[in-house]
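First comes the structure, then the notes that go with it.
Residue numbers (the working numbering): 4 to 177.
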């Protein structure tokens, strides 16, 4: 079980646009206003994490974490200076893209494996083959997706940082 995120950020963060629950306020009124902003921000971030199914409410202030590795990834990107809001935005985008990829693999399976099996009147001797194909669909799709993603990520990193490196070296030479 996980406790709800607070939405607060370290005052040393370069992305310190979110609430600053740990800073002191000179007046009581400012402190109250700041606490209200923090509470609002925490509720907003928590609601978004729930919509993305990163946290599943199980009662009270307790949450189930269906994918601990995804929560760990979120914590690590935030620790590297990316705002929680931006991280959740990317996770939402990834979720939509992965849904499309999953749909494409299932459609391919239905068209190429299930329908021919169905047209053949679902012979009993082929059920083990169909069961095995269904069982292997997710890991095969995940392997293919990860292989392509790694290739694309490498290309994007090289393109982005190749340009930056080029500009920096040009500045140094001038």
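Don't be surprised by glycine CBs; every beta carbon is placed ideally from N, CA and C. Predicted model, so just to flag it, every value in this text is computed and none were measured.
Its chain contains 90 as the residues whose beta carbon lies nearer than 6 Å to that of residue 80, once the 5 sequence neighbours on both sides are disregarded; these appear in chain order. In this structure, residue 73 keeps its C-beta atom at 7 Å or more from the C-beta atom of residue 48.
Membership of residue 104 in the alpha helix (DSSP H) is indicated by the continuous run 87 to 112. Looking only at 130, 32 and 101, the smallest Cα-Cα distance to residue 55 is reached by 101. Here DSSP, grouped into helix, strand and coil, assigns residue 62 to strand. By the Cβ-count criterion, residue 94 is buried, with 16 or more other Cβ atoms from all chains shown falling within 10 Å of its own Cβ. A straight-line Cα-Cα distance of about 10 Å links residue 168 and residue 174.
The residue among 69, 105 and 75 with its C-alpha nearest the C-alpha of residue 140 is 105.
Each residue's CA atom was taken as its position, placing residue 164 and residue 155 some 14 Å apart. The secondary-structure analysis by DSSP pairs residue 67 across a beta bridge with 59. Within its own chain, the residues whose Cβ lies closer than 7 Å to the Cβ of residue 129, once the five positions on either side in sequence are excluded, are 120, listed in chain order. DSSP places residue 156 inside the alpha helix (DSSP H), whose first and last residues are 130 to 176. Rounded to whole angstroms, the gap between the alpha carbons of residue 77 and residue 97 is 13 Å.
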